[in-house]
Amino acid sequence: MNTKVLYIYNIIRLFLPETSLFSLKNKILRLAGAKIGNNVRICSSVKILGDGDLEIGDNVWIGISTLIVSSKSRQNPNTKVTIGSNIDIAPRVYIGTGTHVIDINSDNIAGEGISYDITIEDGCWICAESTLLPGVRIGSKTIVAAKTLVNKDLLENSVYAGIPAKFIKYVK
């Protein structure tokens, strides 16, 4: 994404009503290079950062104070956050592609930055204050309970909760 346009977006959004003017926010994000589907509603307090790609399908709600960070790395210059269609993301969710290579021989153990894609498949519900770590794929129609830490791929049609995410049950 174009980080200069994204910077402007992150300033403008502060002056927009929280739950309206969605089409204006989407137009600015498209100018920054994001692929945004139809009927996408992003609250104004949602912060989007990074030079990686962002793709959002149709009929998506992204709740207040969510943070989405899609950053490229030398090892993965095509990093992407993919949010499918018909998804609800509750308030204060963190979705971030970046981490570090552990370097025990360095003065700083958090070595070189590295990025991994994150994919949320169609029909999911990501509940409040959940954290999605780099490299995870959430299967379609899966519920991630409030305050869940997702550090591995999740099966479709399931409910997960806890730190780290644990399988609770299948959704029927």
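Throughout the sequence shown, residue numbering follows my numbering, covering 892 to 1063 in sequence.
Think of the CB as a built atom: it goes at the ideal place given N, C-alpha and C, for glycine as much as any other residue.
Discussion item. Considering only the alpha carbon of each residue, which of G1004, S962, P908 and I1005 lies closest to T973?
Written reply: S962
Practice prompt. Starting from the Cα of P908, find the closest Cα among C934, S914, G924 and K918 and give me that residue.
Written response: C934
Worksheet item: L1045 to R1028, Cα distance in whole Å?
Response: 6 Å
Practice prompt. Measure how close the beta-carbons of V984 and S1031 come, nearest whole angstrom, since I'm counting them as under 8 Å.
Written response: Contact doesn't hold; Cβ gap of about 18 Å is too wide.
Fill in: According to DSSP, residues forming a beta bridge with F1058
For F1058, the beta-bridge partners assigned by DSSP are Y1051.
Worksheet item: Do T988 and T1010 have their CB atoms nearer than 8 Å?
Response: Judged by their CB atoms, T988 and T1010 are not nearer to each other than the 8 Å cut-off.
Item to complete: For the region 957-998, list the beta strand (DSSP E) runs that are entirely contained and at least 3 residues long, ordered along the chain.
Response: 958-960, 971-974, 978-980, 985-987 and 989-993
Worksheet item: To the nearest angstrom, how far is it from the Cα of F913 to the Cα of R932?
Response: 5 Å
Fill in: Local Cβ density within 10 Å of K1012, reported as buried at 16 or more and exposed below that
The displayed chain sequence assigns Glu, not Lys, to residue 1012. By the neighbour-count criterion, in which 16 or more other beta carbons inside 10 Å mark a residue as buried, E1012 falls on the buried side.
Fill in: According to DSSP, residues forming a beta bridge with A1037
In the DSSP output, where bridge partners are listed per residue, A1037 has none listed.
Worksheet item: Terminal residues of the continuous alpha helix (DSSP H) containing L897?
Response: T894 to I903
Worksheet item: What does a CB cutoff of less than 7 Å around T894 pick up in its chain, not counting 5 residues either side in sequence?
Response: Excluding positions up to five away in sequence, the list reads D942.
Worksheet item: K916 bridges to which residues according to DSSP?
Response: In the DSSP assignment, K916 forms no beta bridge with any residue.
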